[in-house]
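Working notes for the structure below.
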Amino acid sequence: MGAYLGARQAGLKLLSVADALAPAVLLAQAIGRWGNYFNQELFGKPTDLPWAIQIDSPNPAIPSGWLTEQTFHPTFFYEFLWSVAGVVILVLLERRLNLRWGRMFAAYLIYYSVGRFWIEDLRIDPSEVLLGLRTNQWSAVFGVMIGIGIIIWSRKRHPGVEESVYTAKREPEAEKA
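Be aware that the sequence shown starts at 5, since it is given in the numbering used here, and climbs by one per residue.
In C-alpha cells form, the structure reads like this:
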C-alpha cells in the first residue's frame, strides 16, 4: 500500500516502482534471514552435513523428544544465499532482457517463490499442512502463478519498451535552456 501511495504521489507507474524495488527487496530479505540465526528459530531438519548448526538447549523450537546434541539444516543461510544469488540474477536478467512493465517484479516473485518452496520442505517448525504441502509452500506456488500471470498480462498489454516510468500527464517538463 505504501509503494502504491508513494508511486501515485510522485506520478510514477506502480509497476515501474515494483520493478525498481525488486532486487532491493530480495537483498533486504537476505539480510533479514540472519535474524532467524540469532534468534535460533526457523531452522531445518536434523542433518550431519559439515555446515549444520547446533541450536542451544533448551529451545522451544526443537520438537520434544529430539536429542539436544543434534545439528540442523541452517535454512536461514540457504535462503540468504538463494536471495543474494537472486539479486545478481535479477540485475543480469534486467540488463539482458530489459524487464519492464512489471516483468522484473514478476521474475522476483517466481525466483523467490521457487527457493522458498524448496527451503520450506526442510523446515521443522509447526505449520498447517494442506494436501501434503506446508502453508508457506502453497504461498510459494501462488507466488509463482502470480509472477507468470504478470508476465503473460504484461506481454499482451505492453509488448514494447517502457518509454517512461511516469504516469500520463506527470512527465517532468524538459529543462528550458
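Each residue gets a CB set at the ideal place from its N, CA and C atoms; glycine is no exception.
Check: When you compare the CB positions of Phe109 and Ala26, do they come within less than 9 Å of one another, or not?; Outcome: yes
Check: Does DSSP put Gln33 in a helix, in a strand, or in coil?; Outcome: helix
Check: Counting along the chain, where does the alpha helix (DSSP H) carrying Lys17 start and finish?; Outcome: Per DSSP, Lys17 belongs to no alpha helix (DSSP H) and is neither H nor E.
Check: How far does the alpha helix (DSSP H) with Thr139 in it reach, from first residue to last?; Outcome: 139-161
Check: State buried or exposed for Ile152, treating a residue as buried only when at least 16 other CB atoms are found within 10 Å of its CB.; Outcome: exposed
Check: I need the boundaries of the alpha helix (DSSP H) containing Trp55, first residue and last residue.; Outcome: Run containing Trp55: none; DSSP gives neither H nor E here.
Check: With a threshold of 16 other CB atoms inside 10 Å of the CB of Glu83, please say whether the residue is buried or exposed.; Outcome: buried
Check: Are three or more beta carbon pairs between the segment 47-58 and the segment 70-80 nearer than 8 Å?; Outcome: yes
Check: Indicate the three-state DSSP secondary structure (helix, strand or coil) for Phe76 in the structure shown.; Outcome: strand
Check: Going by Cα to Cα distance, which pick from Asn43, Leu126, Trp70, Tyr116 is closest to Leu31?; Outcome: Tyr116
Check: Evaluate the contact criterion for the segment 100-114 versus the segment 145-164: three or more CB pairs, one atom per stretch, below 8 Å.; Outcome: yes
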